[in-house]
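Take a look at the structure below.
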Amino acid sequence: MTAPSHPAAPRVLELHGSTFARLRALLLERAGISLGDAKRPLVVGRLSRRVRELGLSSFDAYYERVIGDASGAELVRLLDMIATNETSFFREPAQFEFLQHRLVPSWREDAEAGLRGRHVRVWSAGCSTGQEPVSLAMALLDALPADDGWRVEIVATDLSTRALAQAASATWPIERARQIPPHLLKRFMLRGTGPQTGSMRAGPEVRAAITYERLNLVEDPYPAGAPFDLVLCRNVLIYFTPEGRRAVVERLLRHLAPGGHFLLGHAESLDLRTHRARSVAPNVYRRETR
Ligand SMILES: C[S@@+](CC[C@H](N)C(=O)[O-])C[C@H]1O[C@@H](n2cnc3c(N)ncnc32)[C@H](O)[C@@H]1O
1181 MTAPSHPAAP RVLELHGSTF ARLRALLLER AGISLGDAKR PLVVGRLSRR
1231 VRELGLSSFD AYYERVIGDA SGAELVRLLD MIATNETSFF REPAQFEFLQ
1281 HRLVPSWRED AEAGLRGRHV RVWSAGCSTG QEPVSLAMAL LDALPADDGW
1331 RVEIVATDLS TRALAQAASA TWPIERARQI PPHLLKRFML RGTGPQTGSM
1381 RAGPEVRAAI TYERLNLVED PYPAGAPFDL VLCRNVLIYF TPEGRRAVVE
1431 RLLRHLAPGG HFLLGHAESL DLRTHRARSV APNVYRRETR
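In C-alpha cells, the structure reads:
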C-alpha cells in the first residue's frame, strides 16, 4: 500500500539580502516607500505568489522582470502588492467633528460675507479603497446643500490601481455600514438586493461628487485646477523617509488655497519649523494666508 499523495506544498522562495536591497531601493525611488529590515518577511509573503504565477524561480528574476518591463505595468503591480490599503469609513472621528463644527461653519460664514464662493474642493491623497472620500462626500453633501447653492467636489487619488478599482465600484460589504452615522447611511447608501445582497453601494449623489485618479505622490504632477480648501493625506506617508515626507507635504501645501486646511493621520505630524502652516487641532493644520 502507498501513502495517500498530497499536492506538494509550494517551495518557499528565499529573498537574498542583495535582492531585498535592490527591491527596497526601487520602492524608495519610485514610490517614496522606505522598507526597514523587519519588512523582509512581508515582502516574501506578498510577492511569492506573483513570482510563481510568472513562472519565475527567484526574486532576483522577478526584480529583473519589473525593471525590464518598459510598459511599467509590473511595477504598478509590485506597488499594489506592497502598499498597505487599510482604511475605514469616518476614520479618526475627531477630524470629522472638526470638519462639521469648525470648517463647514467657517466656509458658510465666509460665503455669506462674500469672502468665498460656494464651491468646495477637497483632495483625498492616498484614498485607498474609497472609504475616506466617500465619508467626506456624505458629511459635506449633508452639511452644504446643493439647494443653498453649494457644490462639493472631491478629487480622490491613490497609487494602487487595485484599491482604486474597488473604490470606483463604490461597493463595500454591508458590515461596514456600522462605521457610518445612521442618518448619513440612510440618506446616501443603497443596500444591495438579489445577487448584491450582503453589500452596500454609494448612491448617485455621492458618486457624482468624487473623481478617482491614479496618482503617485512622488512622481506624478498634482491635480490641476483651483487650489483646494482641504487636503487629506492620512496614513500614507508613514513608510516614507523624513526627506521624502517633507518633499511631498511641501508640494501638497502648495495645492492648498491660502487659509486652506491639511489633515494627517493620528500618528503623523508636520514639522512646523519647515512648513508654512500652523496646527489648529490634533493632526489638523491650516496653511498660512501669506
Ligand atoms: C493605509 S492607506 C490610507 C487610506 C486613507 N487615507 C486612510 O487614512 O484611511 C495608505 C494608502 O496610501 C497609498 N500610497 C502609498 N504610497 C503612495 C504614493 N507614493 N502615492 C500615492 N499613494 C500612495 C497606498 O496605496 C494606500 O492605499
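The numbering of the sequence shown is the numbering used here, which starts it at 1181 and goes up by one.
Just so it is clear, CB atoms sit at the ideal spot from N, CA and C, and this is done for glycine as well.
Since this is a predicted model, take the numbers as computed values, not measurements.
Check: Given GLN1359, which residues of its chain have a CB within under 7 Å of its CB, disregarding the five upstream and five downstream residues?
Finding: SER1268, PHE1269 and PHE1270
Next item on the list: Measure the alpha-carbon distance for GLY1227 versus SER1237 and round it to whole angstroms.
Entry: Rather than Gly, the amino acid found at residue 1227 in this sequence is Leu. Going from the Cα of LEU1227 to the Cα of SER1237 covers about 12 Å.
Item checked: Inter-residue CB distance, VAL1332 and LEU1321 (contact presumed, cutoff 8 Å) -> 6 Å
Check: What is the rounded straight-line gap between the Cα of GLN1376 and the Cα of ALA1388?
Finding: 21 Å
Check: With distances taken from CA atoms, which of ILE1390, GLY1216, ASP1409 and ALA1461 is nearest MET1318?
Finding: ILE1390
Note to self: I'd like the list of long-range same chain contacts for ARG1371, defined as Cβ closer than 6 Å, with 5 residues on each side in sequence excluded.
What the structure shows: MET1380
Item checked: Candidates LEU1295, ARG1301 and TRP1352: closest to THR1309 by CA position -> TRP1352
Next item on the list: Using beta-carbon positions only, say whether ASP1409 and VAL1302 come within less than 9 Å of one another.
Entry: yes
Item checked: Any non-hydrogen atom of ligand 1 closer than 8 Å to VAL1398 Cβ -> yes
Check: Looking at ALA1347 and TYR1392, is the spacing between their C-beta atoms short of 9 Å?
Finding: yes
Next item on the list: Using 8 Å as the cut-off, classify the Cβ of GLY1445 as near or not near the heavy atoms of ligand 1, replying yes or no.
Entry: yes
Check: Using the C-alpha atoms, what's the distance from THR1469 back to HIS1435?
Finding: 13 Å
Check: Excluding five sequence neighbours on each side, which residues of the same chain lie with their C-beta closer than 8 Å to the C-beta of SER1286?
Finding: none
Margin query: When you compare the CB positions of ILE1126 and LEU1207, do they come within less than 9 Å of one another, or not?
Written below: The chain is shown only over 1181 to 1470; residue 1126 falls outside these bounds and no answer can be derived.
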